[in-house]
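First residue of the sequence shown? That's 1 in the UniProt record's numbering, and the numbers climb one at a time after it. Just so you know, even glycine gets a beta-carbon here, dropped at the ideal spot from N, CA and C. Here the structure comes first, spelled out in structure tokens, and everything after it is commentary.
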Amino acid sequence: MPPAPLHLTPATLHLTEQGIPYSAAFDDIYHTQDGGLAQARNVFLAGNQLPQRWQGTQHFAICETGFGLGLSFLATWQAWRADPARGTRLHFISCELHPFSAADLASLYQHLFTDDADLHALGQALIEQWPTLVPGLHRLELADGVVLTLLLGDALEWLPRLSAQIDAFFLDGFAPSKNPELWQAALYQQFTRLAANGATLATYTVAGAVRRGLEAAGFNVARQPGFGSKRQMLTGQFRGKRHRHAAPTTQHAIVIGAGVAGSAIAARLAARGWRITLLDQAQAPAQRASGNHAGAYRPVLSGDDNLQARLVRAAFLYGLRGLRKLPNVIWAPCGALQLARDTTEAERFEQLPDRLGLPPEYAQAVTRQASSALAGHELTAGGLWFPQAGWINPPSLVQALLAAAGDQLDAHFGKTVAQLQPGPYGWQAWDADGQLLASAPVVVLANAADAARFAPELEVGQDERLVSHLPQAQVPALHTVVCRGGYLTPAHGGLACIGSSPAGASAAGDNLALLAAMLPDAAQGLDASLLGGRRCHRPGTPDRLPLVGPLVAAEGFQPKHAGSLHLAPRRLGLYAFTGLGARGLVWSQLCAELLASQICGEPLPLERELVQALDPARFLARRNK
């Protein structure tokens, strides 16, 4: 069965005669004539007792059923940043089936915020990070500790896949008479699943079916005075009780490993105010696979849109937003070409972007002539073109992530952890001489295949690879990354990179064969024995997906846990972040955000099936089936 199309139908910008944004698809206006911002402040903020309820919290989570123009979000962000007693982090999660394009949002905000410079600035900051319009979860890290997670697609498809505890619900869709799909029992049941203790809700509608549905779902509801021309509105509070994840009271973590994984989790935890003790056995960061001169940064496509393709898509887009904000990373979003290896693959590539419903800014099928024009040199085939892709210098990414951690980071190099033992403050890391290296309530194993020394259930291995360095004067000047069984980067710092082949006596020659398969005659005159390069060990897993999450307590794992990994017992405070394989540059930033969210008990940035696919307990579960 083919995958569900990834195409989203963007909203079309229309205005009524009164200048109110209007949806032709739902024959309804986006806000009342009394004003969308005023509606957001009076109905959704005041109806949920905000800002009072978020004051002094570690993190507070809001879920909205219809993002629309983003006015409720912007009003909430404005109220949050103006509140001196606000909490540390605000998660705003919003569903939208028909999102506006960034250009249409910019036009709307120009029209709506003519008299409010503050809101105009917030709108611009949102537009700068506005995601590529493909279905799924899109996490946007904004200023003031505000995190916007957009669930693009049908709310009834994506809310069941969300992992979060929600403190306040904004029921903000088109009217029940215009959009009944967004006002039904199945959706209310998701509110019940997601609601935290004392969760509240607010909505402008008092329709009897809505009131009865919310009551049946476990909320006490009451009519309140309405806003503007609406005589009444509805508020509610969750009746149930929930266990809330208790993050460590001491926000201190030991991170073992200073490659792209270790630096990424250090940055994400530091952004939450955590102190990080970084330990690495090398004398400097980025000494393993993260030390390569250049690596490709690109998505992958799969005809069945499998787990790996979905994870790569989410991570690629999240990582792009991060790269644009990180100073001093050496990278180039020059685009990447994936060339077809034969006529069968060429035919498949030709159909794949349209079959999957992908927007052209994410992926396009291109002919040999078009791919050669994009690359600036004759290529052997056409294939797939990824306009937003490019290459990264991994050591500069590691350094930038460590710099982002700032004073929260205490890094120690030349330190090998021989033992991890429970201690009075959580975990203790000891060296082989019996010297205590660090103590903290949380430990993250980000030390590649060496992580298995501390968690034998981790099925993580490593293979040695060679990336060859091609002198810039001896290879064609490319405009893009080119891939076909390997990758070739444009030159920077005087060198282009081709790789990566399994290390061995023929590795350099194998890399030149990869070059010849992409660029006709480009390998002629190059002597494999004279090429420089870099060998590195790349950690991987049997299913080629990384290991991200809390480590399982293997002694307490039972066969019944195989189908319910979230119920499996865990080793308190011990986490894995390894097995990034060939896609570490793409996966690292989003996987680090996932892990930091798990450690802190915050809403997760990936859907539940992808979180489970990365769970370090998954291989133990497969052995116990």
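Proximity below 8 Å, CB of residue i to CB of residue j
i, j, result
"A617", "V548", "no"
"L604", "V611", "yes"
"V475", "A528", "no"
"A389", "G335", "yes"
"D410", "L526", "no"
"F413", "Q283", "yes"
"L108", "A314", "no"
"A247", "I498", "no"
"L133", "P359", "yes"
"A202", "L182", "no"
"L140", "L151", "no"
"residue 631", "V443", "The requested residue 631 is not part of the displayed model; the chain covers only 1 to 625."
"L112", "L311", "no"
"I391", "V482", "It is Trp, not Ile, that sits at residue 391 in the sequence shown. The answer is no: Cβ separation not under 8 Å."
"residue 640", "L90", "Any question about residue 640 goes unanswered here, given that the chain covers just 1 to 625."
"G573", "P424", "no"
"L458", "A363", "no"
"F67", "C95", "yes"
"R272", "A596", "yes"
"A448", "T578", "yes"
Member of the options whose CA lies at the smallest distance from the CA of residue i
i, options, result
"G240", "A247, F191, D172, A389", "F191"
"Y309", "Q419, P353, A373", "Sequence check: residue 309 is Ala here, not Tyr. Selected option, being the one with the closest Cα: P353."
"F349", "A381, G319, Y318", "A381"
"S372", "G66, L519, A121, R161", "L519"
"L401", "L269, G123, F557", "L269"
"G153", "P99, P424, G423, D407", "P99"
"T88", "A613, E602, A216, R623", "E602"
"V206", "G36, E609, V43", "V43"
"D280", "T578, G262, N292", "G262"
"G581", "E215, Q462, L320", "Q462"
"A217", "A186, A266, V481, L512", "A186"
"A106", "I254, P569, I127, S439", "I127"
"L214", "K230, F227, Q184, H243", "Q184"
"P394", "N306, A503, G259, V210", "G259"
"Q399", "T343, L69, A264", "A264"
"S500", "A491, P471, L512", "L512"
"S564", "A613, L574, P542", "A613"
"L470", "G357, A596, L495", "L495"
"P387", "A346, R81, T343, H479", "H479"
"residue 653", "I93, W274, H14, E593", "Residue numbering for the chain in the displayed model covers 1 to 625; residue 653 lies beyond these limits and cannot be assessed."
"P242", "Y204, G208, T249, A199", "Here the sequence assigns Arg to residue 242, which means Pro is not the residue at that position. Minimum Cα distance to R242 is reached at A199."
"P10", "Q58, R53, L69, H293", "L69"
"H245", "H566, R622, P285", "H566"
Same chain only: Cβ atoms within 6 Å of residue i, ignoring 5 sequence neighbours per side
i, result
"A289", "C536, R538"
"L531", "S468, A508"
"A40", "L71, S72, A75"
"N328", "A400"
"A455", "L551"
"T12", "none"
"R608", "R161, S163"
"S439", "G423, Y425, Q428"
Any chain B beta carbon closer than 8 Å to residue i
i, result
"A85", "Reference to chain B is not applicable here, since this structure consists of a single protein chain."
Where residue i sits in the DSSP three-state scheme
i, result
"N220", "strand"
"Q237", "strand"
"A209", "helix"
"L15", "strand"
"V481", "strand"
"P422", "strand"
"L379", "coil"
"Q190", "helix"
"G434", "coil"
"D83", "coil"
"M1", "Unreliable positioning characterises M1 in this predicted model, as indicated by a pLDDT of 39, which lies under 50. The coordinate reading is nonetheless provided below. Reduced to three states, the DSSP call for M1 is coil."
"R341", "coil"
"P395", "helix"
Spatial neighbours of residue i in its chain, beta-carbon cut-off 7 Å, leaving aside the 5 residues before and after
i, result
"D118", "Q78"
"R223", "V206, Q232, L234"
"P542", "E459"
Contacting residues, own chain, Cβ-Cβ under 8 Å from residue i (five flanking each side not counted)
i, result
"Q55", "D83, A85, R86, G87"
"E378", "S372, L519, P520"
Closer than 7 Å: residue i CB and nearest the ligand FAD heavy atom
i, result
"L436", "In the structure shown, the ligand FAD is absent, as is every other ligand, since no ligand is present at all."
| message | Between the segment 43-59 and the segment 227-240, can you find at least three pairs of beta-carbon atoms closer than 8 Å? | response | yes
| Between the segment 163-172 and the segment 194-208, do at least 3 Cβ pairs fall closer than 8 Å? | yes
| Does the segment 587-601 touch the segment 297-309, meaning 3 or more C-beta pairs lie closer than 8 Å? | no
| query | Would the segment 481-489 and the segment 335-344 be scored as touching if the rule is three or more Cβ pairs under 8 Å? | reply | yes
| query | How about the segment 426-434 and the segment 553-569: do they share at least three Cβ pairs that are nearer than 8 Å? | reply | no
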